[in-house]
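Read in numbering that gives the first Met the number 0, the sequence shown has 48 at position 49, and its numbers run on one by one without any break.
All C-beta atoms, glycine included, are put in the ideal place defined by N, C-alpha and C.
Shown next, in structure tokens, is the structure this report addresses.
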Amino acid sequence: MTTSVPRPGGVSTPATEPYWHAAAKGRLQVQKCGSCGHVQHYPRTMCSTCWSEDLQLVDAAGTGSIFTYTVVHQPGHPAWRPQTPYVLALIQLDEGPRMMSNIVDVPVDQITVGARVHLTPTPAADSGPPTLVFTLTNPAATPTAPPESPG
Ligand SMILES: [Zn+2]
């Protein structure tokens with residue numbers, strides 16, 4: 000008998016509630032400091048550069064590149080076991096900050112550090128709000144058979 004384990008959800012605080020509200024609609028947001036212009040992700044109550052509390056959530060383009068990644072075969076929580084193996088990546092957003100997410104819909108052997116990615120909000124397996132995951136922008140062409148060697 001197989002039982003499913005519910006996935007832990009995001010933790011909502013007054014600082015993160017608007018972020019999760021946008022995420023539930025498939026939108027990725029970053030915080031921009033009104034004092035120094037620094038852009039940060041995840042949302043928090045103070046700018047991590049100048050400590051100003053003058054922060055605005057703004058929509059991110061949802062584009063970036065893979066800073067680093069790993070292929071997870073043993074998840075840290077049993078709720079993700081059915082998805083193994085999956086790719087957990089640190090993504091360098093074009094706005095500046097880095098965020099942790101998954102790379103989906105592409106064979107693991109096509110993923111490389113520096114590859115361009117874009118947001119592809121995906122419905123949660125438990126029919127909850129979409130998860131903000133990424134996929135390759137220019138996946139490698141399907142490998143073709145090597146040319147036959149002459150005679
Ligand atoms: Zn600042």
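So residue i is in the beta strand (DSSP E); what residue range does that whole segment cover?
| i | result |
| --- | --- |
| H72 | Neither: H72 is in no beta strand (DSSP E) and is coded neither H nor E. |
| H40 | No beta strand (DSSP E) holds H40; DSSP gives it neither H nor E. |
| R26 | Per DSSP, R26 belongs to no beta strand (DSSP E) and is neither H nor E. |
| D58 | 54 to 58 |
| N101 | 97 to 102 |
| L118 | 115 to 118 |
Of the choices the options, whose alpha-carbon is the least far from that of residue i?
| i | options | result |
| --- | --- | --- |
| T12 | P42, D93, L87 | P42 |
| V70 | N101, H37, P122, P5 | N101 |
| V107 | H72, G61, G8 | H72 |
| E52 | T121, G36, A59 | G36 |
| A114 | T134, A78, G25 | T134 |
Could you give the DSSP three-state label for residue i: helix, strand or coil?
| i | result |
| --- | --- |
| M0 | For M0, the predicted structure reports a pLDDT of 46, less than 50, and the residue's modelled location is therefore unreliable. The matter cannot be settled from this model. |
| R6 | coil |
| V107 | helix |
| Q88 | With the sequence shown as reference, residue 88 is identified as Ala, and Gln is not the correct amino acid for it. A88 falls in the strand class under three-state DSSP. |
| R80 | helix |
Report all residues from its chain with a CB closer than 7 Å to the CB of residue i; omit the five preceding and five following residues, and keep chain order.
| i | result |
| --- | --- |
| G63 | I90, Q91, L92, D93, V116 |
| A144 | Note that A144 scores 48 on pLDDT, short of 50, meaning its location in the model is unreliable and no value can be drawn from it. |
Report all residues from its chain with a CB closer than 8 Å to the CB of residue i; omit the five preceding and five following residues, and keep chain order.
| i | result |
| --- | --- |
| P17 | Q28, P42, L56 |
**Item:** Any heavy atom of ligand 1 within less than 5 Å of residue CB: hits in chain order
**Value:** C32, S34, C35, H37, C46, T48, C49, S51
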